[in-house]
Amino acid sequence: MKQKKEAKLAKSAANQEERRARDEKFAAEQASKRRERDERVAKENAANAKKNAAIEKAAKAKALKEQKAKDAAKQAKRARKDALKKKMAPKPALKAKKVKVVALKPKPKPKAVVAKPPADPNPLLVKTPPKPPRLETKKRSSAADAATNAKSSKTTKSSKTTKSKNARRPSSAKKTTRGRTQKKSSPIGGFFTFSLLCLVYAAYLDSTKND
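Numbering (my numbering), first residue to last: 1 to 211.
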C-alpha cells in the first residue's frame, strides 16, 4: 500500500511538473507572440503616423496653393476694377503752360551811305555847300493839301514857277473811282453857259413873233 501511495504521489508530482512546464512554455510562447504583436503594431502605427503626416503636409500645401490662387484672382479683379474706375474718372483740366514773352530787339536801321562828292578841279572857287539828302516825308492829309493849295493860289506867277516837283495836285481836281482826275465845274463857267442859253431862247422867241 505504501508503495502504491508513493507511486501515486510521484506520478502526481510528475504530472504537476509536466503541467507547470507546459504552462511555462505556453506563457513564454504567449509572451513572445504578444511582444511580436506589439512590435508589429508599433511599426504599423509609426508607418501610419508617417503616412498621415505626409498626407497632412500635402493637404496643407494644396490648401495654401489654392488660397494663393484665390488671393491672386482677387488682386487681379481689384486691379481691373481700379483700372476701369481710373479710366472712367473725369480727367482734370490741363493747365495752360506759361509762355515766356521775350521782347524782340528792334533791328538796327541801315545807315545811309553818303556819296562822297567828286574831286573839285578848281578848289580855289567858292561854291555853295551840297544840299543834304532828301528824306521821305509822310503823306499829308487832305486838310493840309487844301491849305497848301489855297496858299499857292495867292502867290504870284514867279512863285508858281519855283514850286517843287513834289507839289500836290490842286484841290479842284478830285479823284474818281477809277483813279482818273476830274476837274470840278467852276461857277463862272456855269453862269456863262446859262446866259448863252437865255440869249438863244430870246432870239428864238423873237423869230417866232416876227413870223
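A virtual CB, placed ideally from N, CA and C, is assigned to each residue, including glycine.
(message) Which of the three DSSP states is assigned to ALA54 in this structure?
(response) ALA54 falls in the helix class under three-state DSSP.
(message) Suppose contacts are defined by Cβ-Cβ distances below 8 Å. Is PRO133 in contact with ALA103 by that definition?
(response) Their beta carbons are not under 8 Å apart, which means PRO133 does not touch ALA103 by this criterion.
(message) Taking the straight line between their C-alpha atoms, what separation do you get for GLU29 and ASN45?
(response) Near 24 Å, if we compare the C-alpha coordinates of ASN45 and GLU29.
(request) Would you tell me roughly how many angstroms separate the C-alpha atoms of PRO129 and VAL114, rounded to the nearest one? (result) In this model, PRO129 and VAL114 are separated by some 14 Å (Cα to Cα).
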